[in-house]
Amino acid sequence: MRDRLLQLEKAALSEISSIKNKEAVIELKNRYLGRKGELASLTKELGKLSHEERPVVGDLINSIRGRIEERVNSLLTAFAQDEREQRLKAERVDVTLPGRYLPLGNSHPITQIMDEVVSIFLGMGFKVAEGPEVETDYYNFEALNIPKDHPARDMQDTFYISDDVLLRTHTSPVQIRVMQGKKPPLRVIAPGKVYRRDSDITHTPMFHQVEGFMVDESITFGDLKGVLTAFLHSLFREDIAIRFRPSFFPFTEPSVEVDIQCVMCNGKGCRVCKGSGWLEILGAGMIHPMVFKAVDYDSERYTGFAFGLGIERIAMLKYGIDDIRMFFENDVRFLRQF
Amino acid sequence: MKLSYNWLKEYIRALPSPDKLAERLTMAGLEVEGIEAPGKDIKGVVIAQILSVEKHPNADRLSFCKVKTDKGIHSIVCGARNMKAGDKVALALHGTTLPRGIKIEKTKIRGVESEGMMCSESELGLKDASEGIMILPQDLPVGKDFTEAMGLNDIILNINVTPNRPDCLSILGIAREVAAITRCKMHEVRWKRSEVGGKKQPQTSNLKPPSVSIDESSLCRRYSARVVENIKVGPSPNWLKQRLESHGFRSINNVVDVTNYVMIEYGHPLHAFDSDLVDGKQIVVRMAHEHESIQTLDNITRKLTKDMLVICDKEKPIALAGVMGGKESEIQDTTKNIFLESAYFDPSCVRRTSKALGISTDSSYRFERGADIEGVTRALDRAAQMIVELAGGDMAKGMIDKYPRPYKPITIKVRLSRINKILGLNINKKEVEDCLKRLGIDFKPVRVQKGEGAVWNVIPPSFRVDILKEVDIIEEIARLYGYEKIPTILPLARLSTAKKTGVDMIREKVRDILTNNGFLEAINYSFVSPKVFEIAPEINNGLRLINPLTEEQSIMRRSLISSLLETMRYNVNHNNSDIKIFEIGRIFIPKGKETEEREMVSGIISGLRYGEAWSVRRDAVDFYDIKGVVEQILTGLGVANYTFTAKADILFLHPGKGGVFEVNGKPIGMTGEAHPDTLQSLDIKQPAYIFELDLQAIMTVMSSQKGYRPIPKYPMIIRDAAMIVNREIPFQELYDAVKGAGIKLLEKVDIFDVYYGENIPEGKLSIALRFVYRSSERTLTDNEVNNVHVIILDNLKNRFGVEIRGEA
Ligand SMILES: [Zn+2]
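Respectively, the protein sequence lines represent chains A and B. Going letter by letter, the first sequence gives residues 22 to 359 in the working numbering. Going letter by letter, the second sequence gives residues -5 to 802 in the working numbering.
Take a look at the structure:
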């Protein structure tokens, strides 16, 4: 009996050592360890043994079962692991294929620059105001100290709807509309579309402007320089060189043209800055007493500055665009880049 | 304004270098936009005269020339054919380097020695291309340096003179300015007047000048004139031609050239008449009569109106005052006697005439900005004298000078305290007075109380027509003091909340929603072509521009959709047919004399929903995509109770695939498929879906208020039901019927499938609804739910005859 048992163990273990697949292990397990398996049928023969032998052989059977079970189980675990590995291997995908998403759109580059400009001034406590694009001659010119028959009107070639109604040539009329309704202190910017009868590589008949102004009891030219310097440093670079030079606008005096160091060549001189190293970026000045008179402000008491800048020009400089007409062609290959 | 550096140097001897000068002028408000130095790279080229031109012995296409300079006679082989013996040419002898790097050496060309080159304009870098060599004027001296002889050693500054500074539209004016800025001394160029007089009496009655009368002394405040007799009209000398050309003027003859020369130098426009052609020896300055006309120097006959000032002879207008002369009395080659006019005309009057007739001249440009009324006779004398010198003849004794109300200088009170208040400076009396002195502005200190700060009575010179008020003086002080020296400070101000406008915040929100949905933002011009209205005649009463740039941009748009359709066409034509574009902008609606501007957002989609990608289905967008976008916008903006109603006659829309969004019965927008006819007229061959929303209308009905509702504590019970419905019944009606049944336990009902086709009878469709039941107080039982669910289904059966196909 004992020999048969040891024989059986030997046979089972040697069979196990050469087994190749999970199915064979299960078959072997059933064959040896199953309820009707070989070990079970030998167990049935225990009854034929003597009283003394029975527990000893019983122990032997149990230990043999234990050993075979252990081998079988470890084999099964190994095969299961193998199988899982195989499965995971088969589940592999090509992770180098591009991901799936609904493409995001984006706002227009002009909108983006406009937002940037507006938010800088919001940060300095300016409020936003808007006004009509179809304006009267009074708000666009007369109230801004540009009377009829004045050569300064040549500075802004105008689209007319009728003798007295026109498309605003700047957002400065908003300045008048705001001051008519409110008393100082005022800090306001007026972004919007403006129109001039002009069309070439640097001019389109419609473009965007931000006009701003500040009025209080002791605003000086030095404040003008301070606010605009802070603005340009924030918009471009903290260390960009800025220069203020005298100019002429009928609604400001003294008037100033503000240049920044050319962003293309860092001031060395290039095609964009026509070799000067400077780029004209905005116009400004101390609000003219005639403008205050038009809105019934006491110009002895109040002083203020106003400024205006073109958004397209800034966008062109920031993005390196050399033809302004691109902004209004709305080619998706262009729009998508921003 | 073009400005000759050499000419300016006659006034300012210690003139800074051109670059320095440009910098100083720019920083004082006279922006130098460009510096041209056409001859700066030409060195060593001299004037030579051709003695003989012969054929090259060994080459048919070449010539062999002998040319003379002050150094002797040189042999030159030349490929050009446009020269002959006697011509003056620009000769580059060996050793010279030309602008484009051409080095001239002694060479043998086909066996014949050539000592240099006769140059063409392109070889001298004066033009990009030229034919043949340059043949020079005969009066140039042989041996002289080419650039000097041709006036090319000059440097031309291009100055942007702002409209307030007409005094700087001249050499003299810029010289004054330079003197003020640089503190250099200015030397006025002196000349002598040589009137006929004394012993030499007038020989003919012609020397008796015509009589002058001014009818409109407010519009012509001064009229002066001189007569020059027995002149000989002819070409101007070379130096004069060169000066004019370098300032952008074409040389005409010695008389006209002198008037232009003096205008450039002194800034005052002049006009010369052939005095024999002035009828009746009589000059009248008056308004034109109705129906009068004049042929101007540009050969155009112009109809005049009563508000135009004209210079007339006995009968008729012979010049448009300050704008342009008349053809009839023009200086011709045969002109013997001239009547030279120098006047002061009212700026507005000149500008009106110039605008009305569409003529802008160097003369009108200066008069409309304001001439120097006190400089009238100086310019006249200078021109008359130059004509005598260049065209011969005699200057008649005596000058006509009608000046009814002579110029009275104005006095402006200027306060030191005000200067410092505006500029943010703390400059003193002496500094201010120094600036005024440099600018030639007279001033007298006014006696003030102790501690009050200096005050002056300031008297600007007559040529500074821009200085009328205290602030004008303040600007002058700032300019001369230097903007760069004014301290840069940040203003002190009371804190305040900074806020965007309401419409701006809506714009931002809408933009976020649309860009998150893959839309690109477009910006189109606000004006559109009238052709748009062939598609949409209903809105053909848009605002029309009087003076559009082109017909394509002549009407203010009344809808953003036409613009977006154009944008789509453009992109489809450029092979980008998957379109998701929106625009936010105003439309313009005429309301009587007023214009209503409404802020709109509009979008267009077409092509594939997700574009071309390996990982998604290539489905085309349809109506529900665009409707979904609008629903998202409305929800995002907090427009809660909107309705959508199908409508067949919406502009631009397919009659069966479109409708309007309304809140409380008021329309706020629309969406649908673009009408196939509209697309066809634009030659667009793929369907497109559009929407337009009125942001202003939305602003009045939206709510930015967000409320919290507790998250449900008790579980929901779901019942699905598929039903067969008549296709004519809109889903909205079923939905309203379900919601209208008033079942409190029904939390929501969703549609999760719509199907028609196989297995569904003709004219019917299958709709699957999911009903969610829940109580906020307890867990519902199946029975409770079944009881109410059956009410809803029965209601649908009874009202719409739906057939329930399956339940779960
Ligand atoms: Zn540059």
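Cβ coordinates follow ideal geometry from the N, Cα and C atoms, glycine included.
Residue i, DSSP secondary structure in three states
i: B:Asp327; result: coil
i: A:Lys41; result: coil
i: B:Tyr767; result: strand
i: B:Trp608; result: coil
i: B:Met180; result: coil
i: B:Ile353; result: coil
i: B:Trp185; result: coil
i: A:Pro275; result: strand
i: A:Pro194; result: helix
i: B:Gln289; result: strand
i: B:Asp806; result: Outside the shown range of chain B (-5 to 802) lies residue 806 of chain B, about which nothing can therefore be said.
i: B:Thr295; result: strand
i: A:Gly296; result: coil
i: A:Lys169; result: coil
i: A:Ile359; result: Reading off the sequence shown, one finds Phe at residue 359 of chain A, where the question assumed Ile. Coil.
i: B:His265; result: strand
i: A:Phe328; result: strand
i: B:His88; result: coil
i: B:Asn154; result: strand
i: B:Ser218; result: strand
Beta-carbon separation (whole angstroms), residue i vs residue j, contact threshold 8 Å
i: A:Val195; j: A:Ala211; result: 4 Å
i: B:Leu92; j: B:Ala84; result: Contact flag wrong, Cβ pair sits at about 10 Å.
i: A:Phe326; j: A:Phe234; result: 7 Å
i: A:Gln177; j: A:Thr190; result: 4 Å
i: A:Thr273; j: A:His309; result: 6 Å
i: B:Arg505; j: B:Gly23; result: Incorrect: roughly 41 Å between the Cβ atoms, too far for contact.
Cβ neighbour criterion (16 or more within 10 Å) applied to residue i
i: B:Thr347; result: buried
i: B:Asp643; result: exposed
i: B:Asn158; result: buried
i: A:Glu30; result: buried
i: B:Pro400; result: exposed
i: B:Gln379; result: buried
i: A:Arg322; result: exposed
i: B:Asn858; result: A question about residue 858 of chain B goes unanswered here, because the residues of chain B that appear run from -5 up to 802.
i: B:Tyr(-1); result: buried
i: B:Phe725; result: exposed
i: B:Gln195; result: In this predicted model, B:Gln195 has a pLDDT of only 45, less than 50, meaning its place in the structure is not dependable; the value taken from the coordinates is given anyway. It is exposed - the Cβ of B:Gln195 has fewer than 16 other Cβ atoms within 10 Å.
i: B:His181; result: exposed
i: B:Thr198; result: Any reading at B:Thr198 must be qualified, since the residue scores a pLDDT of 49, below 50, and its modelled position is unreliable; the value itself is stated next. It counts as exposed.
i: B:Gln132; result: exposed
i: B:Phe746; result: exposed
Reference residue i, options the options, closest by Cα
i: A:Gln282; options: A:Thr273, A:Ala173, A:Asp185, A:Leu303; result: A:Leu303
i: B:Val136; options: B:Val252, B:Trp608, B:Val784, B:Ile44; result: B:Ile44
i: B:Lys707; options: B:Leu790, B:Arg612, B:Arg772, B:Ala79; result: B:Arg772
i: B:Val256; options: B:Pro204, B:Trp185, B:Glu210, B:Gly734; result: B:Trp185
i: B:Met111; options: B:Leu151, B:Ile150, B:Ile381, B:Lys60; result: B:Lys60
i: B:Leu803; options: B:Val633, B:Ala716, B:Ile678; result: Any question about residue 803 of chain B goes unanswered here, given that chain B covers just -5 to 802.
i: B:Ser770; options: B:Lys738, B:Lys396, B:Asp81, B:Thr253; result: B:Lys738
i: B:Gly650; options: B:Glu109, B:Thr253, B:Asn720, B:Pro670; result: B:Pro670
i: A:Leu356; options: B:Ala16, B:Ile684, B:Asn565; result: B:Asn565
i: B:Asn152; options: B:Lys82, B:Asp13, B:Glu107; result: B:Asp13
i: B:Gly622; options: B:Met664, B:His285, B:His783, B:Glu27; result: B:Met664
i: B:Arg340; options: B:Phe638, B:Ser358, B:Leu334, B:Ala143; result: Note on identity: in this sequence residue 340 of chain B is Asp, with Arg being the wrong assignment. Nearest C-alpha to B:Asp340: B:Ser358.
Under 9 Å, CB to CB, which of the residues in the segment 210 to 229 of chain A have a partner in chain B? The segment 210 to 229 of chain A vs chain B, Cβ under 9 Å: Pro212, Lys214, Tyr216, Arg218, Asp219, Ser220, Thr225, Pro226, Met227, His229.
Closer than 9 Å, Cβ to any Cβ of chain B: which residues of the segment 333 to 354 of chain A, in chain order? If the cut-off is 9 Å between Cβ atoms, the segment 333 to 354 of chain A has Phe348, Phe349, Glu350, Asn351, Asp352, Val353, Arg354 near chain B.
Mind listing which residues of the segment 104 to 127 of chain A have their C-beta closer than 7 Å to chain B's C-betas, in chain order? Near chain B, meaning a CB-to-CB distance below 7 Å, the residues of the segment 104 to 127 of chain A are Leu118, Arg121, Leu123, Pro124, Leu125, Gly126, Asn127.
Can you list, in chain order, the residues of the segment 447 to 478 of chain B whose Cβ is nearer than 8 Å to any Cβ on chain A? Of all residues in the segment 447 to 478 of chain B, only Lys463, Val465, Asp466, Ile468, Glu469, Ala472, Arg473, Tyr477, Glu478 place a beta-carbon less than 8 Å from a beta-carbon of chain A.
Would you list, in chain order, the members of the segment 274 to 307 of chain A that have their beta-carbon closer than 8 Å to a beta-carbon of chain B? Considering only beta carbons, the part of the segment 274 to 307 of chain A lying closer than 8 Å to chain B consists of Glu274, Pro275, Ser276, Val277, Glu278, Lys295, Met307, in chain order.
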